[in-house]
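Report on the following structure.
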Ligand code: BJW
Ligand code: ZN
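Numbering (the working numbering), first residue to last: 1203 to 1467.
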């Protein structure tokens, strides 16, 4: 057995022996679907400054700039499909009890995978729908009131200026979480409760730089659980991880989870 095979074998045993698993994903899980990451060599932050685009101050300063950047990303993401990594995680959550998916991604690809894999298995998708800690580019919310709406890519080109709220005429904005903003309370509570109860945290494709999301696996570790990382590169989580599988999630997750996600009998 090579080093890589021995590690995969250990990782598979960790998954098999865990009663409750919390999975935290980041942009890397969608990289093989064609969604750009944030901090890598080809990441979005190489060509865009986060503080000019992903803060409430940026939106107040130049709403049209922020609006059009998200319209561009929404169009790009709408063309992407879940990869084998999303699908393996969806099947894990659908076929085993005690699995909670938590994502920082705003691309909705875990939900598409949940719906498509659930349909193949003839079950409901709910157990594989993730807690979305940073929102979704496919929803808008009002910057002044509580109004929210679904927002798919329109047939016509997107307007270049933000739309207005039908209830209060305030500016609509993407329903994502910018730096300095609170995360949605229900998702945050769901994620951290799962993290406290889990005996295994699987951290996939996240640089683990952005808190509080990056604390999810740390909470599991603090409660005595094990952390398993899937990422081509080391991250701040690597020091608490019992094991790291180094490589792309779209290849490693199906291998890691194959015995879990193949329906028996
Ligand atoms: C692969 C791969 C392959 C490649 N397979 N892997 C504690 C300490 C210091 C600062 C803070 C702290 N707590 C809070 C803060 C402040 C701040 C923060 O964390 N700052 C740090 C950056 C220093 N946090 C916040 O502001 C948060 N809010 C908050 O704390 O509110 C509290 C509050 C209290 C009281 C009043 C008010 C507020 C909010 C954070 C919101 C983050 N938003 C963004 C944008 C979302 C919308 C959008 O998409 O535009 O979320 S930023 C961006 O980073 C996005 C991501 O979800 C997030 C994480 O990035 P992720 O997913 O890890 O991606 P990358 O690109 O960083 O990494 C990709 C990884 O994949 C790499 O490791 C690759 O190696 C790997 N990879 N290919 C597997 N094929
Ligand atoms: Zn409003």
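Note that beta-carbon positions come from the ideal geometry of N, C-alpha and C, so glycine has one too. Keep in mind that this is a model prediction, so the values were computed, not measured.
Contact check, residue 1416 vs residue 1224, beta carbons under 8 angstroms: In this structure, residue 1224 does not lie closer than 8 angstroms to residue 1416 by Cβ.
Sorry if obvious, but does the Cβ on residue 1372 come closer than 7 angstroms to a heavy atom of the ligand ZN? It does: the Cβ of residue 1372 is within 7 angstroms (strictly closer) of some heavy atom of the ligand ZN.
For residue 1381, count neighbouring C-beta atoms within 10 Å of its own C-beta (all shown protein chains included) and say buried if the count is 16 or more, exposed if not. With fewer than 16 Cβ atoms within 10 Å of its Cβ, residue 1381 is classed as exposed.
Which of the three DSSP states, helix, strand or coil, is assigned to residue 1394? If DSSP states are grouped into helix, strand and coil, residue 1394 belongs with the helices.
Host beta strand (DSSP E) of residue 1220 (start-end): No beta strand (DSSP E) contains residue 1220, which DSSP labels as neither H nor E.
Should residue 1304 and residue 1410 be called a contact, given that it needs their Cβ atoms to be closer than 8 angstroms? In this structure, residue 1304 sits away from residue 1410, with a CB-CB distance that is not shorter than 8 angstroms.
Does the distance from the CB of residue 1347 to the CB of residue 1369 come in under 8 angstroms? Contact: yes.
Proximity test, residue 1306 beta-carbon vs the ligand BJW heavy atom, cut-off 7 angstroms: It does: the Cβ of residue 1306 is within 7 angstroms (strictly closer) of some heavy atom of the ligand BJW.
Since residue 1447 sits in a beta bridge, which residues does DSSP pair it with? Looking at the DSSP assignment, residue 1447 forms a beta bridge with 1432.
How would you write the range of the beta strand (DSSP E) that residue 1239 sits in, first residue to last? Residue 1239 -> no beta strand (DSSP E), and no H or E assigned at all.
Starting from the C-beta of residue 1467, find all residues in its chain whose C-beta is less than 7 angstroms away, skip the five residues before and the five after it, and write them out in chain order. Because the pLDDT of residue 1467 is 43, which lies under 50, any placement of that residue in the model is unreliable, and the question is left without a value.
Based on Cα-Cα distance, which residue from 1298, 1341, 1437 and 1349 lies nearest to residue 1325? The option with the nearest alpha carbon to residue 1325 is 1298.
Span separating the alpha-carbon of residue 1328 from that of residue 1316: Approximately 8 angstroms between the Cα atoms of the pair.
Have a look at the DSSP bridge pairing and note the partners of residue 1344. Under DSSP, residue 1344 shares a beta bridge with 1374.
Proximal residues to residue 1257 (C-beta, below 8 angstroms), its chain only, five neighbours per side dropped: So the list reads 1380, 1381 and 1382, once near-sequence residues are dropped.
Spatial neighbours of residue 1425 in its chain, beta-carbon cut-off 7 angstroms, leaving aside the 5 residues before and after: Spatial neighbours of residue 1425 in its own chain (CB-CB distance under 7 angstroms, excluding positions within 5 residues in sequence) are listed in chain order as 1398.
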